[in-house]
Every structure is written in C-alpha cells, then in structure tokens.
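So in the numbering used here, the last spot in the sequence shown is 207, and the numbers never skip. For every residue, glycine included, the Cβ atom is placed at its ideal position computed from N, Cα and C. Some notes on the structure that comes next.
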Amino acid sequence: MSKYVKNLLINDVRKKLSGVNDALLVSVSGLDAVKNQSLRAKLRGKNINLMVVKNSLAGQATKGMPLNVAFDQAEGSLAVVWGATDIVTLAKEIVALAEDKAMAPFEARGGVVDGQKIGAAEVKDVSKWPSREEVLGKIVGQILGPGAQLAALLLGPGGQLAGQLKTKSEGAEGEAEAAPEATAG
Numbered sequence: 023m024s025k026y027v028k029n030l031l032i033n034d035v036r037k038k039l040s041g042v043n044d045a046l047l048v049s050v051s052g053l054d055a056v057k058n059q060s061l062r063a064k065l066r067g068k069n070i071n072l073m074v075v076k077n078s079l080a081g082q083a084t085k086g087m088p089l090n091v092a093f094d095q096a097e098g099s100l101a102v103v104w105g106a107t108d109i110v111t112l113a114k115e116i117v118a119l120a121e122d123k124a125m126a127p128f129e130a131r132g133g134v135v136d137g138q139k140i141g142a143a144e145v146k147d148v149s150k151w152p153s154r155e156e157v158l159g160k161i162v163g164q165i166l167g168p169g170a171q172l173a174a175l176l177l178g179p180g181g182q183l184a185g186q187l188k189t190k191s192e193g194a195e196g197e198a199e200a201a202p203e204a205t206a207g
C-alpha cells in the first residue's frame, strides 16, 4: 500500500475514533458471511459500532488518544467495538454475543476503560458492573428515600389525628341522632 493511501486510512480511522475513550477489541475471524452480517445488524440495532482495522494501522491512528494502549502488543485479527450508552452496556452486549453458540468463534479480546488496558477476562468483569441507568436509579432512590421517609413521618401522625377526629365526629353525630329519639319516646 502506498504511503498516501496509508495516510488516508489512518486519518479515516482517527476521525471515526475521535472522542472515543472506551472501546473493546473483539475477534471476528472465523465468522462466515451470514454470522458476520447478523453480528453487525445486532450491534447496529444497539447503537454499537464495529470496525475491522489492522492493528498497526489502528495503533498509528490512535497515537495521543486514550485508545492507543489497547493496540500495544495486540496480536491477530481484531475489530474495535465502541458505542452504546456506556462501557458496561457495551461489555454486557459483547459478552452475551461471545457466549452465544450461534456466534462462535466470536470472542472478546480486551479493550480500554478510562485509559486503562483490560484483558479478555476483565471484559467479563466489566459486564457484571451496574450500568449507568442502574447507578442513576440507585442514586435517585437514595436522594428521594429520606424525603419520602420524612413525608411519611410528617403525614403519619396527621393521618392518625384526622382518622380519630373523623371517628369522634361520626360518634358525636350518632349520639345526636339517638338523643332526639330517646326524648320523643
């Protein structure tokens, strides 16, 4: 390949990966055309990008980027996968696809999380973390929990008092209705 074409490819890869801080490396070699197309369709449906690129070319394209550490000593045919809402969701999808027998021999080979290189086993660990939505849900629950408890504590005695007043007023009405009947007799 000529130097001009190589530079064009490097610039294209750099442009596609600009702004990407977390990505995973996967092995797609050995997938037939049908499996490959199915894999790409599944990933596209979940807003996940997949790009097959030569390791040395990707290493040159990501110089000065957080993804560069992923391509240090990368071996074999690899594809870069990025996207989804966060790295945990991405890892969950990739691990699920890797465990799917229909997608064999697809496998996770490592990646980069917050500028740190991770291995294939660590991708499974990342997939077990709570996703961004789960963490936000827990935080919202923790923020709203004390307020809900305070409201319950404030409304609880007030509700009891209102119930007692209602019972008392119903009892007084019943006595008032019974009194005229007793005097009439």
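Legend entry - Three-way DSSP call (helix, strand, coil) for M125 in this model: Here residue 125 refers to the residue found at position 103 of the sequence shown. Looking at M125 - three-state DSSP - the assignment turns out to be helix.
Legend entry - Whole-angstrom distance between L177 and F93, CA atom to CA atom: Within the sequence shown, residue 93 is the residue found at index 71, counting from 1. Within the sequence shown, residue 177 is the residue found at index 155, counting from 1. Near 60 Å, if we compare the C-alpha coordinates of L177 and F93.
Legend entry - Counted within 10 angstroms of its Cβ, other Cβ atoms place S78 as buried (16 or more) or exposed: Counting from 1 along the sequence shown, the entry for residue 78 is found at position 56. Counting Cβ neighbours within 10 Å, S78 comes out exposed, since fewer than 16 surround it.
Legend entry - Backbone CA spacing between A55 and L119 [nearest angstrom]: Numbered from 1 along the sequence shown, position 33 holds the residue referred to as residue 55. Numbered from 1 along the sequence shown, position 97 holds the residue referred to as residue 119. Taking the straight line from one Cα to the other gives about 16 Å.
Inset, instruction - Output the distance between the C-alpha atoms of E121 and F128, rounded to the nearest integer angstrom. - result: By one-based count along the sequence shown, residue 121 stands at place 99. By one-based count along the sequence shown, residue 128 stands at place 106. Spanning the two alpha carbons is a distance of roughly 9 Å.
Legend entry - Buried or exposed by the 16-neighbour rule on C-beta atoms within 10 Å, applied to D147: As a position in the sequence shown, residue 147 is number 125, starting the count at 1. Exposed, by the Cβ-count rule.
Legend entry - Inter-stretch contact at 8 Å, needing at least 3 Cβ pairs: the segment 25-32 / the segment 123-137: no
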